[in-house]
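A short write-up of the structure that comes next.
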């Protein structure tokens, strides 16, 4: 079989040679280039700048020995509806997961989700902007998931914004196309003739506002929530930028540094209490129902709903030399010139300024979700505070601190969660991938979602495949009843799946148990290299089985056992290996599982054959498969 030798380069100039056969697809070529470059998912471009898509073969692409290809890495982006997520990966592909009714299932449009530049979300639908300027939508039709009525106009789109139930697309010619619930801005016919030369769009939960190139503003949607700016239309001239409090108000910074607000007065639409002081505004930030402005002298002015951070009077004297501000739904956090932090607003959402003073010094950057803050400190550590992700209660007076010399990136999602990508300095995170599965005869899963983070300061890129959704297959045995109630309605997302969990020691830590029920602390041996074989075999066995119905690989384990202690032991306290194992465990598909009790109470955990009485569920080994292959 004929082979070609290709040179694949990164934009940084680093290059590798890849030997490929004429029958290789571009997906196979990308995988080999990715491994050789030790980088994350990316796109292959030929010398003309054309993207070489997956199904195309080396021969069909007319690639010859000596050709130079570019491996292009994109920054990962994510969006979330009320109960689903979508992520644009480094190669421009998109994956989604979560509630299928809220956009978690993109299979009907998956073939079109190539070269994705941006993904946006309403409460129940996603809209993906492709590289050619077209748009793909999915999810609940009433929340913008059906764009068929305007699809012929969705060309050369440059940006997409969303309210709770509608989308607005800004085209390269400055016009705007909208779809979705008309009460939420899905119908812009009332201002369509004015929507020309638009340069920016912002949105509350029920209304849109567009800034035109002449500095004027046009609004549509719910009038009470910012969709009607007639009362201040005369003042909206020379608008520099516009910000939205999702609760229902807009604030525009004018060229002279003053601010004009409108919309729900309860959510910041009335700034009369501070209007005369709002001069020379340098930065403006918003929570769900309040605004905070940084003035040229470093002081801060706030207005809007007090419970959302609209009242900063209690710490007014501390707000001096403010460099930047970030906001959750109901609180603000300000970085001061000395690297300390001042916070105000709801204590449930991170407004606990007294409790974070001590650990928060030399802060470089702050990110925020809807309910919590994360600070990146100069020593490389992270500090979080706000609502606890595990308990949904406020954190205690000692904010969580994570130390990592190899932190790559903390990705903030539009929900109460962060994904902390953390790995060895060479940039390799979880090295298990589809090739490992296929190598042992496994099938292509219906969905692979990953988090890819590119940081040139560490390596050219890193990648972590974090989730597998197993292919749909009807469960023919009566165990299907465990997932459904008496009416046949689905009540569980999946069953706790132990076999992959028990492959963690060998797959990520190189620790091999010497028997199926060996004591993890005394009856195992370490190998110099981790082995994915067992994990791949277990996954293959489950993929080939007809006894599963959308089975989750495993849930996020939060229990009264010593799972972390076990992993640390398995990995001989090797930080890199521990991080790899925990990354896979905590990002694998599944709902958080809080479990108290004995392991014997969990179906499928133990052998139920002769010589072992098992638990209350008899002869259940075949249901979940063996603990080890």
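Residue numbers (mature numbering (1 follows the signal peptide of the UniProt record, and there is no 0)): -15 to -1, 1 to 614. By construction, the Cβ of each residue, glycine as well, lies at the ideal position given by its N, Cα and C atoms.
Rounded to the nearest angstrom, the Cβ distance from residue 162 to residue 191 is 19 Å, too far for a contact under 8 Å.
Using a Cβ-Cβ distance cut-off of 8 Å, the segment 61 to 76 and the segment 1 to 10 are not in contact, since fewer than three pairs of beta carbons, one from each stretch, lie closer than that value. Taking each of 158, 165 and 141 in turn and checking the Cα distance to residue 148, the smallest one comes out for 165. Per the coordinates, the alpha-carbon of residue 112 lies some 18 Å from the alpha-carbon of residue 173. The beta carbon of residue 255 lies closer than 7 Å to those of 246 in the same chain, with the five residues before and after it left out. Taking a cut-off of 8 Å on C-beta distances, the segment 280 to 293 touches the segment 306 to 320, as three or more cross pairs fall below it.
Under the criterion of beta carbons closer than 8 Å, residue 73 and residue 101 qualify as touching, at roughly 5 Å. Distance from the Cα of residue 124 is smallest, within the candidate group 142, 136, 35 and 88, for 88.
In this structure, the beta-carbon distance from residue 248 to residue 296 does not fall below 7 Å.
Between the C-alpha atoms of residue 31 and residue 98 there is a straight-line separation of about 21 Å. Cα atoms of residue 242 and residue 110: separation of roughly 37 Å, rounded to the nearest angstrom.
The C-beta distance from residue 128 to residue 150 rounds to 5 Å, short enough to fall under 8 Å. Secondary structure at residue 332: helix, using DSSP grouped into helix, strand and coil.
Spatial neighbours of residue 175 in its own chain (CB-CB distance under 8 Å, excluding positions within 5 residues in sequence) are listed in chain order as 205. For residue 5, the uninterrupted beta strand (DSSP E) segment begins and ends at -1 to 6. When DSSP reads this structure, residue 57 sits in a beta bridge with 28. With respect to the C-alpha of residue 21, the residue from 35, 4, 40 and 37 having the closest C-alpha is 4. Between the alpha carbons of residue 185 and residue 495 lies a gap of roughly 52 Å.
Ranked by how close their Cα comes to the Cα of residue 157, the residues 118, 93, 77 and 328 have 118 in first place.
Residue pairing for residue 496: DSSP places it in a beta bridge opposite 511.
Rounded to the nearest whole angstrom, the C-alpha separation of residue 222 and residue 280 is 20 Å. DSSP places residue 15 in the uninterrupted alpha helix (DSSP H) bounded by 11 to 22. Around the beta carbon of residue 522, 16 or more other beta carbons lie within 10 angstroms, which makes this residue buried. The beta strand (DSSP E) runs of length 3 or more contained entirely in the segment 133 to 219 are, from start to end of the chain, 142 to 147, 151 to 156, 161 to 165, 183 to 188, 192 to 197 and 202 to 206. Minimum Cα-Cα distance from residue 93 among the listed residues 75, 182, 131 and 277 corresponds to 131. Per DSSP, the continuous beta strand (DSSP E) segment holding residue 362 begins and ends at 357 to 362. Straight through space, the alpha carbons of residue 273 and residue 231 are spaced by roughly 5 Å.
In this structure, the straight-line span from the alpha carbon of residue 259 to that of residue 239 is close to 16 Å. Secondary structure note for residue 310: its beta strand (DSSP E) is the uninterrupted segment 307 to 312. Here residue 41 is not near residue 29, since their CB atoms are 7 Å or more apart. The beta carbons of residue 90 and residue 26 sit about 21 Å from each other, so the pair does not count as a contact at 8 Å. Here the C-alpha atom of residue 488 lies approximately 36 Å from the C-alpha atom of residue 43. Annotation: residue -7 to residue 63 spans about 27 Å, alpha carbon to alpha carbon. Here residue 336 is near residue 330, since their CB atoms are less than 7 Å apart. Sequence-distant partners of residue 557 (beyond 5 residues in either direction) whose C-beta falls short of 7 Å from its own C-beta, in its chain, are 511.
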